[in-house]
Structures are given as structure tokens and as C-alpha cells.
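For what it's worth, our numbering labels the leading residue of the sequence shown as 621, then goes sequentially.
The beta-carbon is built from N, C-alpha and C at its ideal position, and this holds for glycine as well.
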Amino acid sequence: MGHPLIDRLSTEMNMPLLESMEALRAFTARDGAHVLFVPGDPKRNLESADVAVILPELRMTFQGAFDCAVVGDAIEAELRESAGVLKTPSLIFYRGGTCVGGIPKVRDWDDYMARIPHLLAITPELPPASEATSAA
621 MGHPLIDRLS
631 TEMNMPLLES
641 MEALRAFTAR
651 DGAHVLFVPG
661 DPKRNLESAD
671 VAVILPELRM
681 TFQGAFDCAV
691 VGDAIEAELR
701 ESAGVLKTPS
711 LIFYRGGTCV
721 GGIPKVRDWD
731 DYMARIPHLL
741 AITPELPPAS
751 EATSAA
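Right under this line is the structure:
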């Protein structure tokens with residue numbers, strides 16, 4: 621990733637480093653809420669290291685209500701495009717394999733405290749039964 625504060629999320633805090641879309645889909649399809657940290661280029665964007673410090677604090681504050689992973693450079697652009705969260709650094713929230721929203725850039729702590737409960741409360745809608753059976 622190129623910055624020690626970002627690297628430590630995977631090396632010291634055991635957050636998976638997702639380096640393929642297959643790994644991303646497998647991680648986000650698991651039960652529960654998931655937060656993907658999209659750091660961007662830490663050499664060009666100094667906020668990336670800030671969010672790398674904030675993310676573990678958020679996970680602790682929300683008492684494990686979500687698990688976290690770091691998005692690798694190889695899939696970052698594709699994820700940002702598919703999630704519609706184009707700015708970096710960003711935290712992209714998933715539930716049931718579906719993106720439910722994101723928080724781009726560094727925010728005030730109060731903003732995180734207001735936005736995250738809302739994102740955690742979102743339950744993606746299942747497709748109508750007719751669509752689910754026709755896809756099978």
C-alpha cells in the first residue's frame with residue numbers, strides 16, 4: 621500500500637488485504653456488515669493515513685458491528701466505480717454482498733457517529749421472487 625499506517629491494518633490488525641474482485645465479493649458476501657477501506661494514493665493524498673488511524677477506532681467504538689478490509693491498488697478503481705464512491709480515501713459499507721453506501725474523505729468524528737449507524741441499519745432489498753427464480 622505504500623504507507624506504514626495503512627500497511628499495519630493488514631499486518632498488525634489482521635484486516636484482510638483484498639487484491640481481487642473475487643476476494644472482495646467473498647468478503648462482502650459473508651453475514652454481517654463490512655467496511656472496505658479504499659486508501660487511494662497516500663503519497664498524493666495525506667488524508668489516507670488519517671483514515672487508516674480512524675478506522676480501527678471506529679470499529680472499536682461500534683463494538684465490532686462491522687468487520688474491515690483494505691482494498692488493494694489493483695481493484696481500487698473498479699470498486700470505486702461500481703460503488704459510486706469516487707473520492708479517496710473512503711470507507712465503503714456492504715451488507716449481504718451489496719454496497720449500502722460510503723463515506724469519502726476524512727470527516728469530523730461527529731459526522732462518523734451520525735452516518736455510520738444509518739449505514740449499518742440499511743438492509744439491502746432482495747429481488748422480487750419472480751426475478752430470483754428466473755435467475756436460477
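My output table needs one value for residue i: the three-state DSSP class, helix, strand or coil.
i	result
Arg-664	coil
Phe-574	Any answer about residue 574 is impossible in this case: the structure gives the chain only from 621 up to 756.
Pro-676	helix
Ser-630	helix
Pro-624	helix
Ile-736	helix
Glu-745	coil
Thr-753	With a pLDDT of only 44 at Thr-753, under the threshold of 50, the placement of this residue in the model should not be trusted, and no figure is reported.
Val-705	coil
Here's the rule I'm using: 16 or more other beta-carbon atoms within 10 Å means buried, otherwise exposed. How should residue i be labelled?
i	result
His-654	buried
Leu-699	buried
Glu-667	buried
Leu-706	exposed
Ala-756	Since pLDDT at Ala-756 reaches only 46, below the 50 mark, its modelled position is unreliable, and no value is offered.
Thr-708	buried
Ala-734	exposed
Met-633	exposed
Bridge partners of residue i, per DSSP?
i	result
Arg-715	Ala-653 and Thr-718
Leu-638	Val-691
Ser-710	Val-658 and Pro-724
If you check the beta carbons only, do residue i and residue j fall under 8 angstroms apart?
i	j	result
Gly-692	Glu-639	yes
Ala-703	Cys-719	yes
Leu-637	Val-690	yes
Next on the checklist: If contact is defined by three or more beta carbon pairs under 8 angstroms, each pair taking one atom from either stretch, is the segment 734 to 745 in contact with the segment 707 to 720?
Outcome noted: yes
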